[in-house]
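Chemist: Questions regarding the structure given below will be posed in turn.
Residue numbers (mature numbering (1 follows the signal peptide of the UniProt record, and there is no 0)): -19 to -1, 1 to 458.
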């Protein structure tokens, strides 16, 4: 039995602005596809885990699958394109080859965003040289020969170590014990790592215990507080509020940032499932374009999160079952290959200072969140096997996520000197008025997204039903 594993790791520092990098229509197209695929997969996994925290990196998963798609042919390729919302091979090639170079490490960026792709190939597998060439040119992926036949568990440990190194130690043990066997043929990896400080950090001295209305009961959580101007919008159609929290970088200005977290807070305490069901790329894009600067009294819980997934069932159900069957056609890589499992693991940490997130796709992702900021990591891997052999199904998902914090009510005050009204015209005048302050208290389940605004690429997305009790402290970020 031969297994091919696809793992994707992303880790790099982004410091260029979109002005310095040309946004092509193909980059924009794969960003749109990534978001819609992310919502499809997120909803499916959410239904499988009702009222539970969920965090994943659609970017890590889609990149891992795009690398795998290089070798797909026939119905296998058609199904993958449909599920991932891709229109053509040219779009995939130009889109990823244009965006991935933005994920490159550099000091002094103000944040770290890195990505890495690697293919581990069995010593006994003959790989199409065109695949190796395309993987390098389009995905900046390197190849590593592995002795899966002679030392499968040693190679598993080596792969997990590489994933851990790319995600600064956030994603551990992406491939579980027993997932690599002497019959493994290939492992494709994608890993992503992000660490950023809030442009407007929370004062940890203002963090206090507060109630959070979770399904099944009320929890006491560490609630961070900040009052200042944020970009905000209330959407009447979706019945939610949106607040954008920018991350610091060196471009200067409040809104010259490269990355941000968007929090979507339902108006109703039990409104998250309805909101989740209605979201799409178009509705999210409409919200982003409607954001306006307004003074907000923001209260957001500090939290950490970790998620693991086995994605064979979700991806098959969404419309690409052939890739996991004996009818799979990956002859662009090698003969008789099929995917046995996709592992994904994510982790995120959000605190007063910022966020840290990591994801690995094998397919795999992790999240932690607290007041100092957030930290997230994700990794994704795809396992492929020879048709004649049984499929291995191990799966773990821990990677960075995206967050949404929404505003619930607005407070407007007129001062004590009085007001003047003209009834005939319906005009109300006040000599002096107190500025409008929007009160946005994330004290019930909400959605969040971390987005690279240079290309509108959703890197992480998540939902918070129950904040963790042991969030990372400011000193630990």
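Think of the CB as a built atom: it goes at the ideal place given N, C-alpha and C, for glycine as much as any other residue.
Remember, it's a predicted structure, so these values are computed and weren't measured experimentally.
Are residue 25 and residue 295 closer than 8 Å when you measure CB to CB?
Modeler: On the chain shown, position 44 is the one that residue 25 refers to. On the chain shown, position 314 is the one that residue 295 refers to. Cβ atoms of residue 25 and residue 295: closer than 8 Å.
Chemist: Span of the alpha helix (DSSP H) holding residue 303?
Modeler: Taking the first residue of the chain shown as 1, we reach residue 303 at position 322. Counting along the chain, residue 303 falls outside any alpha helix (DSSP H), and DSSP gives it neither H nor E.
Chemist: If residue 100 and residue 116 are in contact, beta carbons under 8 Å, what's the gap, nearest whole angstrom?
Modeler: On the chain shown, position 119 is the one that residue 100 refers to. On the chain shown, position 135 is the one that residue 116 refers to. At roughly 6 Å, the Cβ-Cβ gap stays under 8 Å, so residue 100 and residue 116 are in contact.
Chemist: For the region 199 to 209 against the region 179 to 190, do three or more pairs of beta-carbon atoms, one drawn from each stretch, fall closer than 8 Å, so that the two count as touching?
Modeler: With the cut-off at 8 Å, the region 199 to 209 and the region 179 to 190 touch.
Chemist: Helix, strand or coil for residue 330 per DSSP?
Modeler: One-based indexing of the chain shown puts residue 330 at position 349. Here residue 330 sits in strand by DSSP.
Chemist: Assess contact between the region 70 to 84 and the region 3 to 17, defined as three or more Cβ pairs (one per stretch) separated by less than 8 Å. Is contact present?
Modeler: Touching, yes, given that three or more Cβ pairs across the two stretches are closer than 8 Å.
Chemist: Buried or exposed: which applies to residue 230, given that a residue is buried once 16 or more other Cβ atoms fall within 10 Å of its Cβ?
Modeler: Along the chain shown, read from residue 1 onward, the residue named residue 230 stands at position 249. The residue is buried, with at least 16 neighbouring Cβ atoms inside 10 Å.
Chemist: May I ask which residues mark the beginning and end of the alpha helix (DSSP H) holding residue 207?
Modeler: Position 226 of the chain shown holds residue 207. Per DSSP, residue 207 belongs to no alpha helix (DSSP H); it is in the beta strand (DSSP E), 198 to 216.
Chemist: Around the Cβ of residue 199, are there at least 16 other Cβ atoms within 10 angstroms (buried) or fewer (exposed)?
Modeler: The residue you call residue 199 lines up with position 218 of the chain shown. Exposed is the call here.
Chemist: Can you give the beta carbon distance from residue 107 to residue 315, rounded, assuming they're within the 8 Å contact cut?
Modeler: By one-based count along the chain shown, residue 107 stands at place 126. By one-based count along the chain shown, residue 315 stands at place 334. Correct: roughly 6 Å between the Cβ atoms.
Chemist: Thinking C-beta only, is residue 324 closer than 8 Å to residue 318?
Modeler: Counting from one through the chain shown, the residue named residue 318 turns up at place 337. Counting from one through the chain shown, the residue named residue 324 turns up at place 343. Cβ distance not < 8 Å, so residue 318 and residue 324 don't count as in contact.
Chemist: What are the start and end residues of the alpha helix (DSSP H) that includes residue 64?
Modeler: Indexing the chain shown from 1 puts residue 64 at position 83. 55 to 65 is the extent of the alpha helix (DSSP H) around residue 64.
Chemist: Count the other CB atoms, across all protein chains shown, that sit within 10 Å of the CB of residue 105; report buried if there are 16 or more and exposed otherwise.
Modeler: Residue numbering aside, residue 105 sits at position 124 when the chain shown is read from its first letter. That one is exposed.
Chemist: Give a yes or no on whether the C-beta atoms belonging to residue 269 and residue 329 are separated by under 8 Å.
Modeler: Taking the first residue of the chain shown as 1, we reach residue 269 at position 288. Taking the first residue of the chain shown as 1, we reach residue 329 at position 348. Taking 8 Å as the Cβ cut-off, residue 269 and residue 329 do not qualify as a contacting pair.
Chemist: When the Cα atoms are used, what is the spatial distance from residue 460 to residue 192?
Modeler: A question about residue 460 goes unanswered here, because the residues of the chain that appear run from -19 up to 458.
Chemist: Rounded to whole angstroms, what is the Cα-Cα separation between residue 228 and residue 336?
Modeler: The sequence position of residue 228 within the chain shown is 247, counting from 1. The sequence position of residue 336 within the chain shown is 355, counting from 1. Straight-line Cα distance between these residues: approximately 9 Å.
Chemist: Identify which residue in 194, 154, 271 and 277 has its Cα closest to the Cα of residue 424.
Modeler: Here residue 424 refers to the residue found at position 443 of the chain shown. Among 194, 154, 271 and 277, the Cα nearest to that of residue 424 belongs to 194.
Chemist: Quick check: residue 57 and residue 303, are their CB atoms within less than 8 Å of each other?
Modeler: One-based indexing of the chain shown puts residue 57 at position 76. One-based indexing of the chain shown puts residue 303 at position 322. A contact, by the Cβ cut-off of 8 Å.
Chemist: Over the uninterrupted alpha helix (DSSP H) stretch that includes residue 111, give me the two end residues.
Modeler: Along the chain shown, one-based indexing puts residue 111 at 130. First-last of the alpha helix (DSSP H) with residue 111: 110 to 120.
Chemist: Distance, Cα to Cα, residue 54 vs residue 60?
Modeler: As a first step, residue 54 must be located in the chain shown, where it is residue number 73. As a first step, residue 60 must be located in the chain shown, where it is residue number 79. C-alpha separation (whole angstroms): 10 Å.
Chemist: Candidates 5, 154 and 146: which alpha carbon is nearest residue 288's?
Modeler: The residue you call residue 288 lines up with position 307 of the chain shown. Closest by alpha carbon: 154.
Chemist: Let me make sure I understand the geometry here. Which of 174, 443 and 437 has the alpha-carbon closest to that of residue 262?
Modeler: Reading the chain shown from its first residue, position 281 is the one you call residue 262. Nearest option by C-alpha distance: 437.
Chemist: Using a threshold of 8 Å, state whether the C-beta atoms of residue 35 and residue 23 are closer than that.
Modeler: In the chain shown, counting from the first residue as 1, residue 35 sits at position 54. In the chain shown, counting from the first residue as 1, residue 23 sits at position 42. For residue 35 and residue 23, yes; Cβs fall inside 8 Å.
Chemist: Should residue 258 be labelled buried (16 or more other beta-carbon atoms within 10 Å of its own) or exposed?
Modeler: For this step, residue 258 is matched to residue 277 along the chain shown. Classification of residue 258: exposed, given that the 10 Å Cβ count is below 16.
Chemist: I'd like the list of long-range same chain contacts for residue 214, defined as Cβ closer than 7 Å, with 5 residues on each side in sequence excluded.
Modeler: On the chain shown, position 233 is the one that residue 214 refers to. 223, 268, 271, 272 and 273.
Chemist: Quick one: is residue 326 buried, meaning 16 or more other Cβ sit within 10 Å of its Cβ, or exposed?
Modeler: Counting from one through the chain shown, the residue named residue 326 turns up at place 345. Buried is the call here.
Chemist: Figure out for me which residue from 46, 51, 96 and 421 has the closest Cα to the Cα of residue 313.
Modeler: As a working mapping, residue 313 is identified with position 332 in the chain shown. Taking only the C-alpha atoms, the option nearest residue 313 is 51.
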